[in-house]
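*Asks:* One structure, pasted below without further comment.
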Amino acid sequence: MKCPFCNQDNTRVVDSRPVEDNNAIRRRRMCDECGKRFTTYEKVETIPLIVIKKDQNREQYDRSKIEGGVLRACHKRPVPVQKINELVDQVEIEIFNLEEKEIPSTVIGELVMNHLKDLDPVAYVRFASVYREFKDVNTFMDELKKILK
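The sequence shown lines up with residues 1 to 149 when you count with the UniProt record's numbering.
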């Protein structure tokens, strides 16, 4: 690691500790030449994930889209924000554990619905009504019947 002050490459790590979210490591370094200290952060580099939309367009994976959909489904429901974040984390872990470079949005939607079903049935039906594009009351009722069984 090069020193940002004198540009020498003989630096050493003085202290290491995980960052709050445990997704990176904070390292305090000291330059052996000039004696100044600086901080670096190491983070695992992930392969960009591409989502294949229903219309076959492709776009880069965006966690905030899952969060937004779940938040809308849970609007005015007694679901703590912590539970929503845990749900999104679980879905994201499952997505990346598939180890695919491209993933259909339908797979993501099904994962979200599986977790929402356990979290809050009303939020599940709300999400399903948008995700599955219910055309009429009968398809809506069919989904409700599945939950009641």
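A virtual CB, placed ideally from N, CA and C, is assigned to each residue, including glycine. Treat the numbers as computed from the prediction; the structure is a model and nothing was measured.
#1: Under DSSP, the beta strand (DSSP E) around Phe38 begins and ends at which residues?
#2: Pick helix, strand or coil for Glu33, following the three-state DSSP scheme.
#3: DSSP puts Pro18 in a beta bridge; with which residues?
#4: Look at the Cβ atom of Glu102, then the Cβ atom of Ile50, and state whether they are nearer than 8 Å.
#5: Terminal residues of the continuous alpha helix (DSSP H) containing Pro48?
#6: Would you mind sorting Tyr41 into buried or exposed? The rule is 16 or more other CB atoms within 10 Å of its CB.
*Replies:* On the basis of the data shown:
#1: 37-43
#2: coil
#3: Ile25
#4: yes
#5: Element bounds for Pro48: n/a, residue is neither H nor E.
#6: exposed
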